[in-house]
Amino acid sequence: METYYAVIFTSERTEEDGEGYAKMAELMDELAQKQPGFLRVESARNAEGKGITVSYWESLEAIQAWKENSKHLVAQQFGKEKWYMQYNVEICKVMKDYSFTKN
């Protein structure tokens, strides 16, 4: 695979509206997968509410288009208002990758 990009979103959740958050996260995953340039996404969250989501994209333009998606903008606003204590976003250029799978 040629060079691609990773958006690393780390966050700490509030305790507010867990069900609403889960529904919105599911909707955002589904919507992101339909965006031009989307490759894949991986997420994990611990019991204390700290989480990481890494989404992978073909280009910086695809990342910017996702950031500006109208439905994603609504989710971002909800996140700031009620779901996150804090978050951080890092955008990285993936220059090389490799993996291992045990048979």
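Under this note's numbering, the first residue of the sequence shown carries the number 450, and numbering increases by one thereafter.
Every residue gets a Cβ at the ideal spot worked out from N, C-alpha and C, and that includes glycine.
It should be emphasised that the depicted structure is a prediction, and the values quoted were computed from it without experimental measurement.
Anyone know if the C-beta pair for residue i and residue j falls short of 8 Å?
i, j, result
"valine 543", "phenylalanine 458", "no"
"tyrosine 505", "arginine 494", "no"
"lysine 531", "threonine 463", "yes"
Looking only at DSSP bridge pairs, what is residue i linked to?
i, result
"tyrosine 533", "Arg462"
"tyrosine 470", "Beta-bridge pairing links tyrosine 470 to no other residue."
"serine 504", "Val456, Val490"
"lysine 499", "Glu461"
Based on Cα-Cα distance, which residue from the options lies nearest to residue i?
i, options, result
"isoleucine 540", "Glu497, Arg494, Gln482, Ala511", "Ala511"
"glutamine 526", "Asn552, Thr550, Glu451, Tyr470", "Tyr470"
"alanine 514", "Ser492, Tyr533, Lys483", "Lys483"
Would you kindly report the start and end of the unbroken alpha helix (DSSP H) that includes residue i?
i, result
"alanine 524", "519-527"
"glutamate 513", "It is worth fixing the name first, because residue 513 is glutamine in this sequence and not glutamate. From DSSP, the alpha helix (DSSP H) with glutamine 513 extends over 509-516."
Under the rule that 16 or more other beta-carbon atoms within 10 Å means buried, what is residue i, buried or exposed?
i, result
"tyrosine 454", "buried"
"valine 523", "exposed"
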